[in-house]
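> These protein sequence lines are chains E and R, in that order.
All the letters of the first sequence, read from the start, carry residue numbers 1 to 241 under the working numbering.
All the letters of the second sequence, read from the start, carry residue numbers 1001 to 1241 under the working numbering.
Mind having a look at this structure? Questions to follow.
2 protein chains.
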Amino acid sequence: MPGDHQEDPLENKLLAALPDADLARWLPQLEPVDLPLGKVLYESGRRLSHVYFPTTAIVSLLSVMEDGASAEISVVGHEGIVGVSLFMGGDSTPSRAVVQSAGRGFSLKAHLLLLEFNRAGSVMHLLLRYTQALITQMAQTVACNRHHSVDQQLCRWLLLSLDRLASDELVMTQELIANMLGVRREGVTEAAGQLHKAGLIDYRRGHITVLDRPGLERRSCECYGVVKKEYDRLLPASKAT
Amino acid sequence: MPGDHQEDPLENKLLAALPDADLARWLPQLEPVDLPLGKVLYESGRRLSHVYFPTTAIVSLLSVMEDGASAEISVVGHEGIVGVSLFMGGDSTPSRAVVQSAGRGFSLKAHLLLLEFNRAGSVMHLLLRYTQALITQMAQTVACNRHHSVDQQLCRWLLLSLDRLASDELVMTQELIANMLGVRREGVTEAAGQLHKAGLIDYRRGHITVLDRPGLERRSCECYGVVKKEYDRLLPASKAT
DNA sequence: GATCATATGTACGCAGGCGCACAGACACTT
DNA sequence: AAGTGTCTGTGCGCCTGCGTACATATGATC
């Protein structure tokens, strides 16, 4: 869909939080990109050529094992940036970034981001604070994977995804969700069935609609709340100073 | 034990990797500290007053749930620093840092570290690279928790701990290990029994001795290797430039 | 509207890990 | 040398999630 309706970089909250002076410099360099379902933005061990600022898409960071088994480390949506390892100094990461929910975003050439980062001003601090939030998400996921049921994790996952979307509908198969959570597809079917029975969600073939968000939050493990709170704390919805 | 033998900050590899000019400035500010087993270096949500550079101690970063259940996110030994969230901009983290193996280290006042970090030179890049390695460890732990057996995880954990110690003996109860891995104490007993039967380790009441390191590596899941490789890549044993 | 790939539902046995309970064994105290 | 607290070993039954297999439903395509 060329000439799509929304092509505003400010839909990405990280970009929106940039001081005006910085933003003005960035805008000409940002390229709108289409992020179709399943697109791999970066692969384990490969050098990063671009970073991405999703606007309507959601991207998952996955840890992938030799045998193909995977688990989601964290999710990135319109609140963040894909490719933090670039400015952390790694050039690459041993994880994979995959578009989990189709949409759009903006890309920026790696060397340009590095230039901006190395100015060591508010841009840098903003990116580091975002990374800190990402770390929190990972840390919580470690414990969640260990201690909570598929049911609870599904709630957490739905809520985290929802926060990163405008709508209350996810275009997403259960198979995909299973890959993210690192569980069986059947396990997701079962858990989703429970949530449906409880009147919290509705779904059909590749679409999940959340009916009762507060209900989901109540059913979810504490992990969702912990992560959300930390994102809100570290990345308030206002300009960086 | 006052006037202990080794009080050399350079035993910490991160400090050792500092350019001489930076190191010279730091040395007078570093205070040797005793890190006894179980000491909490920072608590969830609390402001960090110091950062720590372990030399002979090992520190675990834990995710702690409301009900007290926990899981280790990552380990820090003589290769690193405890308190990365300070310079990442968070002031605090929702995790806890506990001394997992008694020993010593050096502390540095938070504001001094921030001053150094904000010079935005090689110190900053070194710390960020270290943080990137830490992130890798977390990411791998997410997947490991999900897909690997207690047996394999114990191997990984032993190896990671060993890399952060001089000796091949860990002073550590199975109960403690269970807390780190987020499993039952009995599960660790069982797994340790297996490893003993296989001639890989020896142990008695609070002490574990590794007999066959290569054997452990073979028995461990791939996660150990992935993490190790990334630490080596990001933090080579030489001065930063 | 028939066809077909793909998404979802269900069932069954199995294994790993949990919670609990208690027995033995070790090291430190006095 | 005895006493004591803690650490380790072991044995249940239970439940969750896994692997496998197959049945059914749905929505896109022709």
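Ideal Cβ positions, reconstructed from N, Cα and C, are used throughout, including at glycine.
Computed from a predicted model, the values in this text were never measured in an experiment.
Are residue 1089 of chain R and residue 128 of chain E close, meaning C-beta to C-beta below 8 Å?
yes
> For residue 83 of chain E and chain R, any beta-carbon pair shorter than 8 Å?
no
> Using a beta-carbon distance below 8 Å, is residue 1004 of chain R in contact with chain E?
In this prediction, residue 1004 of chain R scores a pLDDT of 46, lower than 50, which makes its location untrustworthy; the coordinate-derived value is nonetheless stated afterwards. No, residue 1004 of chain R lies away from the interface with chain E (no Cβ there is under 8 Å from its Cβ).
> Where DSSP assigns a beta bridge to residue 1201 of chain R, which residues make up the other side?
R/1210
> Starting from the Cα of residue 10 of chain E, find the closest Cα among E/99, E/105, E/48 and E/43 and give me that residue.
E/105
> Should residue 1218 of chain R be labelled buried (16 or more other beta-carbon atoms within 10 Å of its own) or exposed?
Only exposed fits residue 1218 of chain R, as fewer than 16 other CB atoms lie within 10 angstroms of its CB.
> Assuming residue 960 of chain R and residue 1164 of chain R are in contact, meaning their beta carbons sit under 8 Å apart, how far apart are those beta carbons, in whole angstroms?
Only positions 1001 to 1241 of chain R appear in the structure, and residue 960 of chain R is not among them; the question remains open.
> Determine the closest residue to residue 1043 of chain R out of R/1017, R/1095 and R/1194, with distance taken between C-alpha atoms.
R/1095
> Looking at chain E, which residues of the stretch 1129 to 1159 of chain R have a Cβ within less than 7 Å of any of its Cβ atoms?
1129, 1131, 1132, 1135, 1136, 1138, 1139, 1140, 1141, 1142, 1143, 1145, 1146 and 1147
> Looking only at DSSP bridge pairs, what is residue 97 of chain E linked to?
E/42 and E/61
> Under 8 Å by Cβ, that's how I've got residue 172 of chain E and residue 60 of chain E pegged, so tell me the actual separation to the nearest angstrom.
Rounded, the Cβ-Cβ distance is 11 Å, inconsistent with contact.
> For residue 125 of chain E, which residues in chain R fall below 8 Å Cβ to Cβ?
1089
> Would residue 1105 of chain R pass as an interface residue toward chain E - the criterion being a Cβ-Cβ separation below 8 Å?
no
> Taking the C-alpha atoms as reference points, what is the distance between residue 1198 of chain R and residue 1210 of chain R?
Answer to the nearest angstrom: the Cα atoms are 12 Å apart.
> Any C-beta of chain E within less than 9 Å: which residues of the stretch 1158 to 1187 of chain R qualify?
Residues of the stretch 1158 to 1187 of chain R that bring their beta carbon within less than 9 Å of a beta carbon in chain E comprise 1181, 1182 and 1183, in sequence order.
> Pick from E/228, E/233 and E/221: whose alpha carbon is nearest that of residue 1067 of chain R?
E/221
> Does residue 231 of chain E pass the burial test, meaning 16 or more other C-beta atoms within 10 Å, or should it be called exposed?
Buried: at least 16 other Cβ atoms inside 10 Å.
> Round the Cβ separation of residue 160 of chain E and residue 227 of chain E to the nearest angstrom and send it over; I've been treating them as touching at under 8 Å.
7 Å
> For a test of the three-state rule: what should DSSP assign to residue 1242 of chain R, helix, strand or coil?
As displayed, chain R neither begins before 1001 nor continues past 1241, which places residue 1242 of chain R out of reach and without an answer.
> So, with DSSP's three-state summary, where would you put residue 9 of chain E?
helix
> By DSSP's criteria, residue 50 of chain E is part of a beta bridge. Which residues make up the other side?
E/109
> Based on the DSSP output, what are the partners of residue 75 of chain E in its beta bridges?
E/60
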